[in-house]
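Residue numbers (full-length UniProt numbering): 1 to 250. Even for Gly, the Cβ is constructed at its ideal location relative to N, Cα and C. Computed from a predicted structure; not experimentally measured. Worksheet for the structure shown next.
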């Protein structure tokens with residue numbers, strides 16, 4: 001059953017909660033994705049079978065949450081995720097996919113006391129700058145400055161509306177250009193056949209982050225969706241490992 005949460009910024013977002021034992025596992029989805037995706041639902045089914053507390057949600061402007069996608073930014077969606085984090089009891093384990101990986105890294109860095117563990121899946125840190133802005137032509141950059149928006153083709157359906165605010169505000173939330181301390185157990189998962197997040201991004205993240213228990217797992221042939229049976233099983237094992245290590249450290 002869908003619940004609703006009003007963030008401190010006044011945005012109304014949708015979420016689904018599974019009651020159970022803590023730490024709560026929170027799934028953070030990707031750019032223009034929603035909480036009905038394969039990974040979110042698979043983790044929810046696992047959580048129910050294990051009696052584990054779990055939350056999946058839609059950022060504002062995503063899925064069934066209120067708001068327009070074009071009005072949002074990485075900072076807004078980070079604040080949405082922070083409101084979800086504040087709504088659960090005790091430190092949580094964050095599982096962030098693609099953009100959700102970037103947002104979970106922000107929360108883990110800035111609110112380490114509230115994050116017991118971290119799993120990222122094809123994490124896309126700083127993608128607004130290193131992906132979109134770096135890849136724009138002079139004409140696209142001019143159009144962004146003049147019109148405030150450009151449409152970028154997507155392999156997942158309709159073109160993505162990329163706004164000037166998304167690019168400019170994204171520069172305030174980047175994680176690969178300043179220290180990234182992750183004191184909690186963290187697992188980074190990445191596929192070699194990912195056409196949206198290059199493997200070098202995963203290596204760059206692993207090289208840049210600091211912490212006592214960080215591991216990168218690279219799956220040959222896995223794409224950005226990271227949703228076949230083997231990848232889903234790996235996600236679950238990674239979450240279970242992080243939970244066990246977080247419990248041992250408590």
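| In this structure, does DSSP put residue 75 in helix, strand or coil? | In this structure, residue 75 counts as helix in the three-state DSSP scheme.
| The beta strand (DSSP E) with residue 14 in it runs from where to where? | Residue 14 -> beta strand (DSSP E) spans 12 to 18.
| task | List the endpoints of the continuous beta strand (DSSP E) containing residue 189. | result | Judged by DSSP secondary structure, residue 189 falls within the beta strand (DSSP E) whose first and last residues are 186 to 191.
| Neighbour flag for residue 16 against chain B, beta carbons, 8 angstroms | Looking for chain B here will not work: only one protein chain is present.
| query | Which runs of the beta strand (DSSP E) spanning at least 3 residues fall entirely within the stretch 44 to 71, listed in chain order? | reply | Qualifying beta strand (DSSP E) stretches, in chain order: 52 to 57.
| Exposed or buried, residue 194, counting other C-beta atoms within 10 Å across all chains shown (16 or more means buried)? | Flag for residue 194 reads buried.
| request: Could you tell me the boundaries of the beta strand (DSSP E) in which residue 164 lies? | output: From DSSP, residue 164 is part of no beta strand (DSSP E) but of the alpha helix (DSSP H) over 164 to 170.
| request: Leaving aside the five residues before and after residue 27 along the sequence, list all residues of the same chain whose C-beta is less than 6 angstroms from its C-beta, in chain order. | output: Counting only residues of its own chain and dropping the five nearest sequence neighbours on each side, residue 27 has a CB closer than 6 angstroms to the CB of 40, 43, 56, 95.
| query | Which term fits residue 190, buried or exposed, when burial requires 16 or more other beta carbons within 10 angstroms of its beta carbon? | reply | Answer is buried; the Cβ neighbour count reaches 16.
| Residue closest to residue 79, alpha-carbon to alpha-carbon, out of 7, 243, 147 | Nearest in C-alpha terms to residue 79, of all of 7, 243, 147, is 7.
| request: Would you kindly work out how many angstroms separate the C-alpha atoms of residue 199 and residue 188, rounded to a whole number? | output: The alpha-carbon atoms of residue 199 and residue 188 are separated by roughly 12 angstroms.
| request: Tell me where the alpha helix (DSSP H) around residue 102 begins and ends. | output: 99 to 110 is the extent of the alpha helix (DSSP H) around residue 102.
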